[in-house]
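Undergrad: Chains as they are written, first to last, in the working numbering: chain A, 15 to 295; chain B, 15 to 295; chain C, 175 to 292; chain D, 175 to 292. Where is the CB? At the ideal position from N, CA and C, for every residue including glycine. Nothing here was measured: the structure is a model prediction, and the numbers come from that model. My structure is below; once you've seen it, I'll send some questions.
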Ligand SMILES: [Fe+3]
Ligand SMILES: [Fe+3]
């Protein structure tokens, strides 16, 4: 039987990828960030040992254009390419998919009335890439986990509601538990925390709100998920609205969760949050 | 306030388009078909007088590829092009959209937990085109109604369930009735009836099943919508499975409906059905 | 027939589900490219090179060499895409269909209610 | 600000909703095309011709001529797409952001917690 063995929330920021690729791990401005992820990377490698990770992310004008924009798009391929975001491809290996598991998810979720767009080809930008090498050790050619990318529209309103994202997580949990193979599944919700890249309020961050978020997503996720997009964006910035992707992860976890690790750092224009959760029930 | 003023079910078959363009309206093989649509065309022009038509259709390898296949895709554009399906563009004018109405639908339906793909550009193939000139009089440059294309995946399983399509219709009704403008809306569900273009059973049609369908979709649509895809495809052929698109139309109508016109003709490989319905309640 | 198709269990029918779609992805991607005239010309100029470019398996290539539409279906080809290959090669829908049924075009047409309605 | 943006009512913020997306579609389609090097070269060789090809309005063209990123946002440009225009023209994210705030790059950087983390 499939089992959800970890829930992780993690911001995605392009500059983190650049710092990683330029090996700035011990640069004073970046060391706190890399040190912050280290315990979670260790936990995942030594205790969680996931076979596959469902990573919830959004594209940033890289692979999807506004001619045809999905609300939720699920990867159903055997492998996924690292996208070139216009500055050359990052030196990361392409990602192995788990097409059989993806197909199970797709069949289950569509039957469960989630109207997914299904992708047989999908190149992944920093929305997906940022967290992966911080959470899983890779070499030049391989990753230790298979991946299932799950894209959420957080770019063009109407966005899915926070509650819909939460319900999608709940449905993912049911689907995983109905999977006949003994597969250990980690779910990663990416994005946020507070940031704004738009208008006169460019650069807005809200550290207080972010810190509350890291607690409330554990204790009262349904209340958080009931906030309107306007409420979230007013507090956390226009692009901070993408925190709804964390609800997919949280909905996939048990009602009560146990915090394994928490980290927060807000150096520039994004409140960078990391949260690692275990199921309690 | 928006109002749903007609519900129409209509098959879509490429040869109908060719016959129309080649002016075979009085060809003995085709005259029954064109005569069959005539009363509905008159009813729509003289009584219904819709401002906009939501036309539910599927693409046939024309505009959408399997790299990224949506379950439901809604047009949100000001206009839609006639697609070239590989034999040259049909001599039909492009279609005027109603972007403000589409936007209202998109906002309402996504808030109502339908995970739509939203299309700012969308070329329309025979899935969309077949019914239009049979139902609305056009000249060389213009149509008398605006359109909102709504694509359903009936090509690659998992398809949405019949029940999900029915619920989408119900949600469309709620959205239309919440539209502040006095807009008269027709809903057309296309596809079917029985046909199969696949395998040794190519050419399978089931006239008995089709005729029952034209009655049962009126009287017991929820029972029909509860049929599995396997049940429908076994009876109505693999491609006959696309009849689920009629449920979107039916779900948008009132519980009880009044039949305005019915027509059935099965000349070649498709059971061609036409049904025009009025709200009773 | 694959396990997946046995799961569907509809005789003479290859349900195009994700497993079949993945299996036939190269076929359908190649066929989809034939919507453009320049690609149709390139295909006709050198079928083998064109198929190679899209990474078709040897089995898939062989089905196309033999214009074996039933086999192509079993290997994941989807009619809505391989109709573009048919158009490139001069095979229409009913010719393809008759062949899938194991009939001649005339035999197939004789089974229709109004064969004039094409 | 349009009616739609007033509906959102978040100060200094242009929510990219369908109304704004439709308004800015030509901008974003043009900017999206700049993901390819040959298009970047074509844009740099003749900005006016390139903008014309994508059907930008005069207002939209003017915002691009003036490298006025705030105005471009108000006219429906989406940062994730117009960053490709920025990259083509040598404008980075923080330069664009500082300009939208009405600040110099240095002023903007001085408001950050750890300006070295770029
Ligand atoms: Fe993002
Ligand atoms: Fe169809």
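1) Against chain C, with Cβ distances strictly below 8 Å, would residue 90 of chain A count as a contact?
2) At the level of alpha carbons, what is the spacing between residue 67 of chain B and residue 149 of chain B?
3) Is residue 101 of chain A buried or exposed, if buried means 16 or more other CB atoms sit within 10 Å of its CB?
4) Please work out which residues of its chain come closer than 7 Å, Cβ to Cβ, to residue 39 of chain A, disregarding the five sequence neighbours upstream and downstream, and give them in chain order.
5) Can you give me the Cβ contacts of residue 93 of chain B inside the same chain, cut-off strictly under 7 Å, excluding the 5 residues immediately before and after it?
6) Using the beta-carbon count (16 or more within 10 Å), is residue 72 of chain A buried or exposed?
7) When DSSP labels each residue in this structure, what does residue 130 of chain A get in the three-state scheme?
8) Give me the chain C residues within the contact set of residue 134 of chain A, using Cβ-Cβ distance strictly less than 8 Å, ordered along the chain.
9) May I ask which residues mark the beginning and end of the alpha helix (DSSP H) holding residue 264 of chain A?
10) Do the segment 263-281 of chain C and the segment 198-214 of chain B touch if we need at least three Cβ pairs shorter than 8 Å?
11) Please determine if the segment 251-262 of chain D and the segment 209-218 of chain D are in contact, where contact requires at least 3 C-beta pairs separated by less than 8 Å.
12) Relative to ligand 1, what is the chain-ordered list of residues with a Cβ closer than 6 Å to any of its non-hydrogen atoms?
13) When you compare each of B/264, B/145 and B/285 to residue 35 of chain B by their alpha carbons, which one comes out closest?
14) What does a CB cutoff of less than 7 Å around residue 160 of chain B pick up in its chain, not counting 5 residues either side in sequence?
15) Have a look at A/292, A/250, A/50 and A/86 and flag the residue whose alpha-carbon is nearest the alpha-carbon of residue 269 of chain A.
16) On a Cα-Cα basis, can you pick out the residue from C/218, C/286 and C/289 that is closest to residue 204 of chain C?
17) With 8 Å as the threshold, decide whether the Cβ of residue 230 of chain D is near any Cβ in chain B.
18) Per the contact definition of three or more C-beta pairs closer than 8 Å, is the segment 229-244 of chain A in contact with the segment 282-290 of chain D?
19) What do you get for residue 37 of chain A, buried or exposed, if any count of 16 or more other CB atoms within 10 angstroms of its CB means buried?
20) Are three or more beta carbon pairs between the segment 167-184 of chain A and the segment 264-281 of chain A nearer than 8 Å?
21) Would you check if there are 3 or more beta carbon pairs closer than 8 Å linking the segment 55-62 of chain B to the segment 234-242 of chain C?
22) Can the beta-carbon of residue 231 of chain B be found less than 8 Å from the beta-carbon of residue 27 of chain B?
23) I'd like to confirm the pairing. Which residues does DSSP put opposite residue 66 of chain B in its beta bridges?
24) Does the beta carbon of residue 52 of chain B come closer than 8 Å to any beta carbon on chain D?
25) Listed in chain order, which residues of the segment 109-125 of chain B have Cβ atoms closer than 9 Å to some Cβ of chain D?
26) Does the segment 117-126 of chain A touch the segment 187-201 of chain C, meaning 3 or more C-beta pairs lie closer than 8 Å?
27) Chain A beta carbons: is any one of them nearer than 8 Å to that of residue 188 of chain D?
28) Measuring only the C-alpha atoms, how far is residue 175 of chain C from residue 248 of chain C?
29) Suppose contacts are defined by Cβ-Cβ distances below 8 Å. Is residue 79 of chain A in contact with residue 193 of chain A by that definition?
30) Counting only C-beta atoms, is residue 194 of chain B closer than 8 Å to chain A at any point?
31) If we define contact as Cβ-Cβ less than 8 Å, is residue 192 of chain C a contact residue for chain A?
32) Suppose the cutoff is 8 Å on Cβ atoms and the five residues either side in sequence are ignored; what does the same chain contact list for residue 225 of chain D look like?
33) What is the DSSP secondary structure of residue 53 of chain A, reduced to helix, strand or coil?
34) By the criterion of Cβ-Cβ separation under 8 Å, what are the contact partners of residue 216 of chain C in chain B?
35) Using alpha carbons as the reference points, say which of B/283, B/203, B/290 and B/257 lies closest to residue 289 of chain C.
TA: Taking the definition as stated:
1) Between residue 90 of chain A and chain C, the shortest Cβ-Cβ separation is below 8 Å.
2) In this structure, the CA atom of residue 67 of chain B is about 11 Å from the CA atom of residue 149 of chain B.
3) Exposed is the call here.
4) Setting aside the 5 residues that flank it on each side, residue 39 of chain A is surrounded in the same chain by 45 and 48, each with a C-beta closer than 7 Å to its C-beta; the list follows chain order.
5) If we look at residue 93 of chain B and ignore the five residues flanking it on each side, its Cβ neighbours are 108, 109, 110 and 111.
6) Around the beta carbon of residue 72 of chain A, a 10 Å sphere encloses 16 or more other beta carbons of the protein chains shown; the residue is thus reported as buried.
7) Correct three-state label for residue 130 of chain A: coil.
8) Chain C residues near residue 134 of chain A: 195, 196 and 199.
9) Residue 264 of chain A: member of the alpha helix (DSSP H) spanning 258-266, first to last residue.
10) Yes, the segment 263-281 of chain C is in contact with the segment 198-214 of chain B.
11) Segment contact: the segment 251-262 of chain D against the segment 209-218 of chain D, three or more CB-CB distances shorter than 8 Å; contact assigned.
12) Per the CB criterion, closer than 6 Å to any heavy atom of ligand 1, the qualifying residues run in chain order as A/26, A/72, A/74, A/141, A/205 and A/256.
13) Checked all of B/264, B/145 and B/285; the closest Cα to residue 35 of chain B is B/145.
14) In the same chain as residue 160 of chain B, and ignoring 5 residues on each side of it, the C-beta atoms closer than 7 Å to its own belong to 65, 66, 110, 111 and 112, in chain order.
15) Taking only the C-alpha atoms, the option nearest residue 269 of chain A is A/292.
16) Nearest of C/218, C/286 and C/289 to residue 204 of chain C, Cα basis: C/218.
17) The C-beta of residue 230 of chain D comes no closer than 8 Å to any C-beta of chain B.
18) No, the segment 282-290 of chain D is not in contact with the segment 229-244 of chain A.
19) The residue is exposed, with fewer than 16 neighbouring Cβ atoms inside 10 Å.
20) With the cut-off at 8 Å, the segment 167-184 of chain A and the segment 264-281 of chain A touch.
21) Contact fails between the segment 55-62 of chain B and the segment 234-242 of chain C, because fewer than three Cβ pairs, one in each stretch, are under 8 Å apart.
22) Result no, Cβ atoms of residue 231 of chain B and residue 27 of chain B do not sit closer than 8 Å.
23) Answer by DSSP bridge pairing, in chain order: B/160 and B/199.
24) With 8 Å as the cut-off, residue 52 of chain B does not count as an interface residue toward chain D.
25) Under the 9 Å Cβ criterion, the segment 109-125 of chain B contributes 113, 114, 116, 117, 120 and 121.
26) Yes: at least three Cβ pairs fall under 8 Å.
27) Closer than 8 Å: yes.
28) Here the model assigns residue 175 of chain C a pLDDT of 48, short of 50, so the residue's position is not dependable, and the following value carries that caveat. About 7 Å.
29) The criterion of a C-beta distance shorter than 8 Å is not satisfied by residue 79 of chain A and residue 193 of chain A.
30) No - not a single Cβ of chain A is within 8 Å of the one on residue 194 of chain B.
31) Judged by the 8 Å Cβ criterion, residue 192 of chain C is in contact with chain A.
32) Within its own chain, the residues whose Cβ lies closer than 8 Å to the Cβ of residue 225 of chain D, once the five positions on either side in sequence are excluded, are 204, 234, 235 and 238, listed in chain order.
33) Residue state, collapsed to three classes: helix.
34) Within chain B, no residue comes near residue 216 of chain C; the closest Cβ sits about 16 Å away, beyond 8 Å.
35) When B/283, B/203, B/290 and B/257 are compared, the shortest CA-CA separation from residue 289 of chain C is found for B/283.
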